[in-house]
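Residue numbers (the UniProt record's numbering): 1 to 255.
As structure tokens, the structure follows; a few thoughts come after it.
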């Protein structure tokens with residue numbers, strides 16, 4: 001059976017995600033920007049939290065971890081490379097490690113770039129990837145710690161996942177990301193279609209995440225940096241893929 005997925009708005013524009021295995025009655029949350037909305041979502045569904053999965057150390061992703069652990073007794077998983085600036089971990093992880101949420105196995109992917117030690121969690125049976133501030137809806141995270149080459153390598157790992165994978169990213173930045181994407185590819189029909197869907201969702205107060213990886217591959221300029229048409233659009237037809245990505249990220253920072 002697939003995992004049940006719940007998207008939980010937190011703070012101003014963050015998201016946490018619940019995943020629930022009904023067969024073994026195990027529930028995990030990915031990132032904890034704040035505690036109250038997560039406890040409310042658990043209570044509404046009658047679920048008991050068993051696991052807390054952390055993607056990276058930024059406060060808007062971990063601020064509620066200690067309170068949530070105290071309230072639920074859930075075990076905490078996070079990156080060994082980030083352990084010195086995360087809440088105390090019960091289980092330290094590195095790329096290639098796996099963890100189980102009931103009958104479902106999650107795979108750990110190092111997606112450093114936004115921060116060093118940022119990890120993503122991929123649950124292939126359920127078709128879910130929790131990417132936080134690495135691959136985002138129509139965008140990617142700022143490079144606060146890593147290099148463009150590092151981030152491009154991380155995004156390339158995520159781009160290689162099955163196209164139907166749901167990308168569960170950490171923020172409601174989609175509309176602004178699409179505005180930037182239009183500056184590079186104003187005639188992209190997939191982008192035009194996505195922009196309309198995103199506008200309707202936001203008018204209705206609905207989240208625009210998760211998105212499918214296939215949608216990201218068709219519309220996200222950071223995943224499309226290797227394409228000749230993107231390189232031409234930024235005036236760097238002979239650039240390497242990483243160089244093109246770096247230029248796109250630089251332009252987004254100034255946008």
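C-beta: ideal position from N, C-alpha, C; glycine also.
All figures in this text were calculated on a predicted structure; none of them were measured in a lab.
The count of Cβ pairs closer than 8 Å, one atom from the region 243 to 254 and one from the region 225 to 232, reaches three, so the stretches are in contact. Here residue 149 has 242 as same chain residues with Cβ atoms under 6 Å from its own Cβ, once five neighbours each way along the sequence are excluded. The continuous beta strand (DSSP E) containing residue 104 extends over residues 104 to 110.
Burial state of residue 23 is exposed, judged by a 10 Å Cβ sphere holding fewer than 16 other Cβ atoms.
Look at residue 61 here: in three-state DSSP terms it is helix. In the displayed model, residue 238 falls within coil according to three-state DSSP, outside both helix and strand. By the C-beta criterion, the region 184 to 199 is judged to be in contact with the region 207 to 219, since at least 3 inter-stretch pairs fall below 8 Å.
Assignment of beta strand (DSSP E) within the region 166 to 236, counting only whole runs of 3 or more residues, yields 166 to 169 in chain order.
Between residue 101 and residue 131, the C-beta gap is not smaller than 7 Å, which leaves the two residues out of contact. Beyond the five residues adjoining it in sequence on each side, residue 121 comes within less than 6 Å, by CB distance, of 53, 106 and 130 in the same chain, given in chain order. Under the three-state reduction of DSSP, residue 49 is assigned to coil, being neither helix nor strand.
Using a Cβ distance threshold of 7 Å, residue 117 and residue 79 count as a contacting pair. Leaving aside the five residues that flank residue 163 on each side, the residues in its chain whose CB is nearer than 6 Å to its CB run, in chain order, 213 and 214.
Scanning 180, 66, 238 and 26 for the CA closest to the CA of residue 42 turns up 26. With respect to the 7 Å criterion, residue 5 and residue 104 are not classified as neighbours on the basis of their beta carbons. In this structure, 170 is the residue among 229, 170 and 199 with its C-alpha nearest to the C-alpha of residue 12. No residue range can be given for residue 88, since it is assigned to no beta strand (DSSP E) and is classified by DSSP as neither H nor E. Here residue 177 has 138 and 139 as same chain residues with Cβ atoms under 6 Å from its own Cβ, once five neighbours each way along the sequence are excluded. With respect to residue 198, residue 174 sits close: the two C-beta atoms are nearer than 7 Å. Following the DSSP letters along the chain, one finds residue 148 inside the alpha helix (DSSP H) bounded by residues 148 to 159. Residue 9 sits in a strand when the DSSP states are folded into three classes. Cβ contact annotation for residue 63 (same chain, cutoff 8 Å, sequence separation greater than five): 32, 33 and 34, in chain order. Rounded to whole angstroms, the separation of the alpha carbons of residue 97 and residue 210 is 24 Å.
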